[in-house]
Structure formats: structure tokens, C-alpha cells
Amino acid sequence: MDTTIKLPYDAEIFIKSKFLKAQIVEIEKIDNIFKVELDNEVFITFDENGNWISINSEKRLPEDVIPDIVQKKISKLKRFETKYKYENLDINEIRKIINSYRVILDHYLEMHIYSN
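Using our numbering, the final residue of the sequence shown is 204, and nothing's skipped along the way.
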């Protein structure tokens, strides 16, 4: 790990509070964007203030990193879309885009969820 790159405080707190057992494997800084790889195969991108921009993994992301609006929409999808009713729709990637979230679920289902 490159120890010369210091993460913004809010990014450090986010990682420590949401990924309790994970360790940082690598930090890369490009312009004002920080790319972090954790030892649990989670990849997080932060802005210069430590706000997460994207989180992705091959495995299911922890529920407490998923915004409530996204969790509600996924739950609604499972209730009203018969073909997804019994599916385990794990979120593998989430990205903030202005006033929305781009979400990738297993089975490569992609959704755009607006926060307004």
C-alpha cells in the first residue's frame, strides 16, 4: 500500500464504520479522486472531501452502505415484479450520479434510481 497517499477524514471514517473487518490494500489518487481497494474485494471511489462516489464488489454489498431510497426501490421491485419476487437481488455496484443512483444487481440488472 502506498502510505504517502492520505485519504480524506470522512473517507477513513466511512471505511472504518461500514467495513469493520476490512483493511485497505491500495489507495490510488488521480486528480482529486481517491480509489481504494479493500482486502474483501470491495472497491470504493471517493471525492476530495471523502464522499463516496461509487462502491463495487463481486459479492453483495453490505446493506448499511446502500441508501434507504435504493433499498426501498429494490424491495418494491421484488414485490411488484413477479419475475424478481423470489430472486436474491443483491446489489454489487452503486454509483452516485448528480441526483440519482446507478445500481447494478446480480444477474446484471441495472437500475437508475432518482433521489428526488
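Built from N, CA and C at the ideal position, the CB exists for glycine as well. Predicted model only: the values in this text are computed from it and were never measured.
Exercise. Please say whether Val124 and Ile118 have beta carbons closer to each other than 9 Å?
Key: No, they are not a contact pair.
Quiz item: So Lys104 is in the alpha helix (DSSP H); what residue range does that whole segment cover?
Solution: Run containing Lys104: 97 to 106, per the alpha helix (DSSP H) assignment.
Quiz item: What three-state label does DSSP hand Ser142 in the structure shown?
Solution: Here Ser142 sits in strand by DSSP.
Practice problem: List the DSSP bridge partners of Arg183. | Solution: DSSP lists Ser142, Arg190 as the beta-bridge partner residues of Arg183.
Quiz prompt | Local conformation of Ile112 per DSSP, three classes | solution = Looking at Ile112 - three-state DSSP - the assignment turns out to be strand.
Quiz prompt | contact_flag[the stretch 134 to 144, the stretch 156 to 165] where n(CB pairs < 8 Å) is 3 or more | solution = With fewer than three CB-CB distances shorter than 8 Å, the stretch 134 to 144 does not count as touching the stretch 156 to 165.
Quiz prompt | Per-residue burial, Leu108 [other beta carbons within 10 Å of its own, 16 or more giving buried] | solution = Counting the other Cβ atoms within 10 Å of the Cβ of Leu108 gives fewer than 16, which makes it exposed.
Quiz item: Is Lys164 helix, strand or coil when you go by DSSP?
Solution: Residue state, collapsed to three classes: helix.
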